[in-house]
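**Q**
In my numbering, the protein residues as written are 7 to 532.
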């Protein structure tokens with residue numbers, strides 16, 4: 007934030023910008039003191055009302071001239087734009103960017119290590135660290151979804167009251183599992199996702215429930231993904247012979263018999279799963295999944311940079327931070343390739359961007375047409391602007407690795423996972439990859455929750471935080487009112503540790519998170 011605009015109704019984010027961003031609603035005729043960089047000496051006057059998070063020209067902009075925010079090009083003007091005029095979709099188009107990837111040209115030095123932070127988590131037999139202790143019902147196919155929900159519903163009648171160390175029973179149901187090529191990309195990706203949840207350190211025990219004739223067989227998960235039953239408890243074993251419970255409705259004799267037997271099996275697990283207790287674990291064993299949804303023009307100014315600070319602190323502590331939503335990296339990927347610890351890692355990211363261009367084109371879509379209706383109402387004009395704000399969640403440390411969707415994340419530090427921009431599908435992939443705590447930034451508002459992983463929701467602006475206070479955990483909108491990004495980032499870091507240690511998030515207090523399991527289907531339905 008430039009000092010000359012510190013008390014202005016608008017913010018200048020970079021000296022090279024030819025726009026400023028409204029940190030409050032700015033009525034027409036408001037004087038905006040902004041003489042820095044590409045601003046107008048002595049300031050200027052808003053010629054029309056500018057909404058919170060929207061952009062206003064700080065100097066005249068010619069037709070075809072780049073629009074700059076964060077010091078980067080976010081689009082091109084389609085008509086002359088006068089000083090003080092609103093800058094948005096009516097006078098800006100994305101156009102094409104000429105990006106310099108400069109692979110590994112600016113790899114940052116490792117941050118000063120943080121060695122004294124711990125959290126209270128669940129230590130599992132495989133060495134992983136959990137932040138919650140759930141039982142899971144993993145549905146292999148939509149045909150077993152209703153039965154899975156019936157099983158979970160049976161435990162709503164107070165059956166868990168005597169087991170205080172169990173956070174709940176979550177049915178992991180979805181729309182797929184069949185009518186796909188056996189062994190194909192879609193099948194393999196769904197299997198990685200289901201296995202990732204079954205093996206997740208926040209799942210103390212699980213049951214795999216199928217119909218019986220589906221392509222996505224439960225036995226495939228056991229044979230190819232090494233599922234381990236009752237992980238972290240006495241009697242747990244590793245390897246291909248480990249006992250994993252798989253039930254099929256056709257084999258059990260129908261839904262009623264399946265539900266009755268499944269409930270009995272899970273009841274038998276309760277004492278063992280309840281024996282798990284929290285213990286001191288280094289913060290280095292946290293894996294943070296980062297997400298932004300319902301973003302606005304201030305998400306990249308407040309909430310996302312603050313999450314970036316928290317991400318850097320976690321990396322300094324030896325932990326892992328995952329940036330997903332590949333379509334919302336598009337247009338800003340050059341800032342990450344410069345930070346890639348090797349050319350190979352940077353090229354993996356560029357290959358993902360190219361894949362997404364082709365993938366979108368197959369369906370007649372354009373990757374540069376990503377911003378939603380709500381994004382645009384909140385001031386985001388182009389995908390480039392959205393992406394530049396989104397990648398701020400990744401902080402400033404070196405990019406260590408790039409992962410496929412739902413691939414187990416084993417590298418410490420800042421990494422990217424290939425996920426879609428759709429929030430439930432994106433977070434499902436990161437959790438399957440091992441994320442054991444989540445942060446979710448939003449400007450328009452979100453009621454997202456995730457079982458079995460706690461999700462901290464962060465508001466980019468105070469009006470929305472006040473309006474949705476039952477759903478928001480932290481208000482990063484205070485940055486628009488004078489708080490520093492560093493201080494809010496430290497607050498987020500501390501909250502991550504508290505939540506990992508058992509503090510309930512707002513979504514958890516409302517019981518949200520069962521319906522948000524959403525594996526990403528990439529192949530054709532046959």
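Glycine residues also receive a C-beta, built at the ideal position from the N, C-alpha and C atoms.
From 416, 30 and 176, pick the residue whose C-alpha is nearest to that of residue 523; which is it?
**A** 176 is the residue among 416, 30 and 176 whose C-alpha sits nearest the C-alpha of residue 523.
**Q** Nearest to residue 368 by alpha carbon, out of 24, 530, 191 and 92?
**A** 530
**Q** Any chance you could list the alpha helix (DSSP H) runs of at least 4 consecutive residues sitting entirely within the region 481–506, in chain order?
**A** 491–506
**Q** Whole angstroms are fine: how far does the CA of residue 135 sit from the CA of residue 78?
**A** 39 angstroms
**Q** Give the C-beta separation of residue 422 and residue 408 to the nearest angstrom, bearing in mind that I take them to be a contact with Cβ-Cβ under 8 angstroms.
**A** In this structure residue 422 touches residue 408 by the C-beta definition: roughly 5 angstroms separates them, less than 8 angstroms.
**Q** Short check: CB of residue 216 to CB of residue 147, under 8 angstroms?
**A** Contact: yes.
**Q** Here's the rule: buried if 16 or more other CB atoms are within 10 angstroms of the residue's CB, otherwise exposed. What is residue 487?
**A** Residue 487 comes out exposed.
**Q** How would you call residue 312, buried or exposed, if buried means at least 16 neighbouring beta carbons within 10 angstroms?
**A** buried
**Q** Please give me, in chain order, every unbroken run of the beta strand (DSSP E) with length at least 3 that falls completely inside the region 291–333.
**A** Counting only runs of 3 or more, we get 293–298 and 326–329.
**Q** For the candidate residues 115, 109, 67 and 151, whose alpha-carbon lies nearest to that of residue 98?
**A** It is 67.
**Q** What does a CB cutoff of less than 6 angstroms around residue 180 pick up in its chain, not counting 5 residues either side in sequence?
**A** 525
**Q** Quick one: Cα of residue 481 to Cα of residue 490, how far?
**A** If you take the alpha carbons of residue 481 and residue 490, they lie about 12 angstroms apart.
**Q** Quick one: grab the DSSP three-state call for residue 67.
**A** strand
**Q** Let me confirm a value: residue 54 is counted as buried when at least 16 other C-beta atoms fall within 10 Å, else exposed. Which label applies?
**A** exposed
**Q** Please work out which residues of its chain come closer than 8 angstroms, Cβ to Cβ, to residue 320, disregarding the five sequence neighbours upstream and downstream, and give them in chain order.
**A** 289, 292, 294, 326, 327, 499 and 502
**Q** Considering only their Cβ atoms, is the gap separating residue 467 from residue 304 smaller than 8 angstroms?
**A** yes
**Q** So, is residue 130 buried or exposed, given that buried needs 16 or more other C-beta atoms within 10 angstroms?
**A** Its Cβ being crowded by 16 or more others within 10 Å, residue 130 is buried.
**Q** Please report the straight-line C-alpha distance between residue 127 and residue 446, rounded to a whole angstrom.
**A** 21 angstroms
**Q** Counting pairs of beta carbons, one from the region 361–378 and one from the region 270–289, are three or more of them closer than 8 angstroms?
**A** no
**Q** Alpha helix (DSSP H) containing residue 230: first to last residue?
**A** From DSSP, the alpha helix (DSSP H) with residue 230 extends over 224–231.
**Q** Can you have a look at residue 33 and say buried or exposed, based on whether 16 or more other CB atoms are within 10 angstroms of its CB?
**A** exposed
**Q** Less than 8 angstroms between the C-beta atoms of residue 40 and residue 18, yes or no?
**A** yes
**Q** Skipping 5 residues on each side, what residues in its chain have a beta carbon closer than 8 angstroms to that of residue 189?
**A** none
**Q** So the alpha helix (DSSP H) residue 402 belongs to, where does it begin and stop?
**A** First-last for residue 402: undefined, no H or E at that position.
**Q** Taking just the CA atoms, how far does residue 219 sit from residue 194?
**A** 17 angstroms
**Q** Count the other CB atoms within 10 Å of the CB of residue 214; is the residue buried (16 or more) or exposed (fewer)?
**A** Here residue 214 is buried. Its C-beta has 16 or more other C-beta atoms within 10 Å.
**Q** Buried or exposed for residue 111, going by 16 or more other Cβ atoms inside 10 Å?
**A** exposed
**Q** I'd like the span of the alpha helix (DSSP H) that includes residue 379, first residue to last.
**A** 379–383
**Q** Looking at the structure shown, is residue 348 part of a helix, part of a strand, or coil, going by DSSP?
**A** coil
**Q** Roughly how many angstroms separate the alpha carbons of residue 162 and residue 417, rounded to a whole number?
**A** 39 angstroms
**Q** Between which residues of its own chain and residue 119 is the CB-CB distance below 8 angstroms, once the five residues before and five after are set aside?
**A** Closer than 8 angstroms at Cβ, skipping near neighbours: 322, 323 and 324.
**Q** Can you list, in chain order, the stretches of the alpha helix (DSSP H) that have 4 or more residues and sit fully within the region 111–172?
**A** Qualifying alpha helix (DSSP H) stretches, in chain order: 151–159.
**Q** Span of the alpha helix (DSSP H) holding residue 212?
**A** Segment 209–216 is the beta strand (DSSP E) holding residue 212; no alpha helix (DSSP H) there.
**Q** Do you know offhand how far residue 400's Cα is from residue 114's?
**A** Linking residue 400 to residue 114 through their CA atoms gives a straight-line distance of about 13 angstroms.
**Q** Can you give me the C-alpha to C-alpha distance between residue 496 and residue 349, rounded to a whole angstrom?
**A** 32 angstroms
**Q** Tell me the rounded alpha-carbon separation between residue 287 and residue 104.
**A** Here the alpha carbons of residue 104 and residue 287 stand approximately 46 angstroms from one another.
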